[in-house]
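Shown next, in structure tokens, is the structure this report addresses.
Protein chains: 2
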Amino acid sequence: MSDQQGLFVKMALDAWNNEIKFTNALLDKLTDEQFMHEVAPTRNRGIYLLGHLTAVHDRLLPLLRFQDVMYPDLSKPFLDEADKAVADLPSVVQLREQWKAVNTTLTDHMGRLPAADWFTRHASISEEDFAKEPHRNRLNVVLSRTSHLANHRGQLVLLTLR
Amino acid sequence: MSDQQGLFVKMALDAWNNEIKFTNALLDKLTDEQFMHEVAPTRNRGIYLLGHLTAVHDRLLPLLRFQDVMYPDLSKPFLDEADKAVADLPSVVQLREQWKAVNTTLTDHMGRLPAADWFTRHASISEEDFAKEPHRNRLNVVLSRTSHLANHRGQLVLLTLR
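Protein sequences, first through last, are from chains A and B. Take the first sequence: its letter number 159 is residue 874 in the numbering used here, and every next letter is one higher. Take the second sequence: its letter number 136 is residue 851 in the numbering used here, and every next letter is one higher.
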């Protein structure tokens with residue numbers, strides 16, 4: 716590992732950890748009942764966004780080559796289907812626990828990965844393609860998912876007044 | 716410059732440019748009238764978010780040590796004040812033009828900055844502090860503003876159905 720790699724890993728993980736911290740502070744402020752509201756008329760409900768984010772972060776575990784997903788049952792209702800298409804969703808209480816468990820597990824793996832390993836390929840790109848496109852590495856996945864989380868956090872904050 | 720620095724810069728600027736591209740595609744879909752709506756009941760209107768994002772990106776020009784701000788008049792209504800606190804906002808047509816001009820100017824500067832220079836200090840940190848905290852560099856500002864843009868894009872998209 717080089718000092719430069721360590722610096723850039725810190726920058727990317729700081730951005731990720733900040734976004735997680737802001738999101739957790741927001742989720743703690745929301746009541747279970749507020750999660751049942753739509754973020755705006757006709758749009759996704761808070762419960763769907765919470766499940767969606769949990770499912771997306773859960774899939775980061777294999778994508779970053781850390782381990783298997785923890786909650787495969789979240790994929791169908793929160794990735795394959797739109798909000799309100801599935802009648803029996805998990806409870807908000809359960810989703811809050813799964814959200815925390817997934818992110819704690821992720822953060823543990825992230826903190827242990829040596830800086831140089833962040834610049835190796837993620838699980839969805841072949842060795843061949845990665846040789847040609849070395850920016851498609853594990854750390855780049857974190858940059859992309861940080862924006863994804865920021866995007867949906869901007870929507871979840873709209874629940875706070877209702 | 717090292718190859719590694721070039722790779723980091725590409726990763727961070729790709730994330731920025733993607734977010735700008737997605738936002739521009741969204742703004743092109745919205746009518747001027749849709750910008751006058753609130754993203755959710757009682758929340759910011761589209762016109763405010765467009766002005767806010769333009770003002771924040773305009774301030775990146777001096778923060779990244781590229782040049783002076785282009786539209787200093789945007790600060791008061793879109794940074795200092797909340798939505799609906801200022802009666803006479805610029806028109807949506809004008810804000811769309813300023814949004815494009817600011818981002819084109821930013822992108823030009825960004826594309827010309829040598830990779831090593833991205834890892835020098837931004838304008839709001841002293842040489843002294845930067846020596847202790849080298850992660851607070853110009854590229855880190857881009858990571859942070861990419862999340863900021865993603866956050867508000869998640870809100871602007873709620874205008875599309877209304």
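C-beta: ideal position from N, C-alpha, C; glycine also. Predicted model, so just to flag it, every value in this text is computed and none were measured.
First through last residue of the alpha helix (DSSP H) which encompasses B/Glu848 = Taken as a continuous stretch (DSSP letters only), B/Glu848 belongs to no alpha helix (DSSP H), as it is neither H nor E.
Note down the Cα distance separating A/Thr757 from B/Glu843, rounded to an integer number of angstroms.
-> Each residue's Cα considered, the two are about 52 Å apart.
Chain-ordered neighbours of A/Val801 on chain B, where CB pairs are closer than 8 Å = In chain order: nothing, as chain B lies at least about 21 Å away.
Interface flag, A/Gln719 vs chain B, CB-CB below 8 Å | yes
For A/Leu745, I'd like the list of residues in its chain whose CB is within less than 8 Å of its CB, leaving aside the five on either flank, ordered along the chain.
-> Gly761, Leu871, Leu874 and Thr875
Listing by chain order, which chain B residues have their CB less than 7 Å from the CB of A/Phe723?
-> Phe723
Along the segment 822-834 of chain B, what residues have a CB closer than 8 Å to any CB found in chain A?
-> Phe834
For B/Glu848, collect the residues of the same chain with a Cβ closer than 8 Å to its Cβ; drop the 5 residues on either side in sequence, then sort them by chain order.
-> Ile840
Is A/Gln782 close to chain B, meaning its C-beta is less than 8 Å from at least one C-beta of that chain?
-> no
Per DSSP, cross-strand counterpart(s) of B/Arg836 = B/Asn852
So, does the CB of B/Gly869 fall closer than 8 Å to a CB anywhere in chain A?
-> yes
If we ignore side chains and look at the alpha-carbon of each, how far apart do B/Leu776 and B/Glu753 end up?
-> Using only the alpha carbons, I get a separation of about 29 Å.
Is the segment 847-865 of chain A close to the segment 821-836 of chain B, with three or more CB pairs under 8 Å?
-> The segment 847-865 of chain A, when compared against the segment 821-836 of chain B, does not touch it at the 8 Å Cβ threshold.
Alpha-carbon spacing of B/Met716 relative to B/Lys791, whole angstroms = At B/Met716 the pLDDT is 47, less than 50, meaning the model places this residue with poor confidence and gives no usable figure here.
Would you kindly check if the distance between the Cβ of A/Gly766 and the Cβ of A/Leu810 is under 8 Å?
-> yes
Measuring alpha carbon to alpha carbon, tell me which of B/Ala755, B/Phe845, B/Arg780 and B/Phe793 ends up nearest B/Val771.
-> B/Phe793
Which of helix, strand or coil DSSP assigns to B/Arg774 = helix
Mind checking if B/His772 is an interface residue toward chain A, Cβ cutoff 8 Å exclusive?
-> Not flagged as an interface residue toward chain A: B/His772, since no C-beta distance is shorter than 8 Å.
Of the residues B/His824, B/Ala755, B/Asp747 and B/Leu768, which one's Cα is nearest the Cα of B/Thr738?
-> Checked all of B/His824, B/Ala755, B/Asp747 and B/Leu768; the closest Cα to B/Thr738 is B/Leu768.
Any idea which residues DSSP pairs A/Glu753 with across the strands?
-> Answer is A/Arg760, bridged to A/Glu753.
Which one of A/Thr820, A/His824 and A/Asn759 has the shortest CA to CA distance from A/Glu796?
-> A/Asn759
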